[in-house]
Amino acid sequence: MVWHARLQLDYRLEAERCVARYEHSGPLRILQSLYPEGDGICHNVLVHPPGGLVGGDTLSLNITVGSGAHGLITTPGATRFYRSEGPVATQETSLTLKEGARLEWLPLEAICYDACHAVNRLRLQLAPGAQCLGWDVTALGLPHAQLPFLKGSLEQHLEIPGVWLERGTLRANDQRLMNGPTGLDGNRCLATLFFASGTPWSRADKEALLDMARATLKDHTLATTAGATSPNTRTLVLRVLAPTVEPAMQLLRAVRKQWRTHAWQLTGQDPRIWAM
């Protein structure tokens, strides 16, 4: 039995309060809206009750943030792509931000179990003045449980149409990629933090944000396998390779707080569910 789930989530300002409205089909929904930072920022937890995807499953998320609204989305646990006899499990996420909107897209990691066949696509559309601060974290296998990623594949796709595109396929049997010094070099966690804007960053802001990330990297245990860059005038990217998820996520959270504080003059508020 396969699951096909869809969620349409819309943030909008109503009487100076950011509210979330949603429709769903299948096992995909959000929990109650929370306001730990006041009415202007709506925090939500995205829940997929089955807990993972098997071959043939599809998750489709369409998130729209209205003008001037600010939403934050995270998950209570990892997304799991389980082993498959052949069919592909697919997660597709579309983020659309209207003028002056802000979105924080902060799901926990996606775990690729041995012999999975997975596709994970994220696509952003940003109007002028809109900004999206988010990340994508992938774990290949379960090193702590001695369950390595030996078979299977993951197709990864991150895109801002016409602005930024990162796309590739990871195959577990590609030893040059998985273990070569110019590939993953034995690391099994890939993480990307991005800060995308619908309007080009000013030179001063771009350099300040990159300097913050690089200063944090300088003394970090992942300093030799991480880097911050700006591939174009509208996107800042921090890329990380790590042996496991925990150090990569710790680094992303630290830089995310710095970028949030500098760009938006907001404290580095963590979603409450991360403390559970």
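Numbering-wise (the working numbering), the sequence shown opens with residue 1 and increments by one. The C-beta atom is built at its ideal place from N, Cα and C for all residues, glycine as well. In this text the structure is predicted, and so the values were computed from the model without any measurement.
Please work out which residues of its chain come closer than 7 Å, Cβ to Cβ, to T233, disregarding the five sequence neighbours upstream and downstream, and give them in chain order. Excluding residues up to 5 positions away in sequence, P200 and W201 lie with their Cβ nearer than 7 Å to the Cβ of T233 in the same chain.
Hey, quick one: how far does the alpha helix (DSSP H) through R234 stretch, first residue to last? Bounds of any alpha helix (DSSP H) do not take in R234, whose DSSP letter is neither H nor E.
What residue from R12, H144 and L59 has the CA that sits closest to E99's CA? Residue R12 is the option with its Cα nearest to E99.
Reduced DSSP category for N179 - H, G, I as helix; E, B as strand; rest coil: Helix.
According to DSSP, simplified to helix, strand and coil, what is E207? Collapsing the DSSP output to three states places E207 in a helix.
Report the residue from L222, L59, G141 and L190 whose alpha carbon sits nearest the alpha carbon of V2. Nearest C-alpha to V2: L59.
Should the region 206 to 222 be called in touch with the region 148 to 155, which here means at least 3 C-beta pairs below 8 Å? The region 206 to 222 is not in contact with the region 148 to 155.
Specify, as a first and last residue, the run of the alpha helix (DSSP H) that E37 falls within. Premise fails: E37 is in no alpha helix (DSSP H) and is neither H nor E.
Taking DSSP as the reference, what is the three-state secondary structure of T261? It is helical.
Distance check for T96 and G71, CA to CA, integer angstroms please. The straight-line gap from Cα to Cα measures roughly 12 Å.
From the DSSP secondary-structure annotation, give me the bridge partner or partners of G227. R239, per the DSSP bridge assignment.
On the criterion of 16 or more Cβ atoms from any shown chain inside 10 Å, does E109 qualify as buried, or is it exposed? Label assigned to E109: buried.
Would you check if the distance between the CB atom of A278 and the CB atom of L103 is smaller than 9 Å? Residue 278 lies beyond the residue range present for the chain, which begins at 1 and ends at 276; the question has no answer from this structure.
Tell me whether R214 sits in a helix, a strand or coil according to DSSP, three-state version. In the three-state reduction of the DSSP assignment, R214 falls in the helix class.
Using 8 Å for Cβ pairs, my map puts L9 next to I41. What's the rounded Cβ distance? Actually they are not in contact, since the Cβ atoms of L9 and I41 sit about 15 Å apart, beyond 8 Å.
My output table needs one value for H70: the three-state DSSP class, helix, strand or coil. Residue state, collapsed to three classes: strand.
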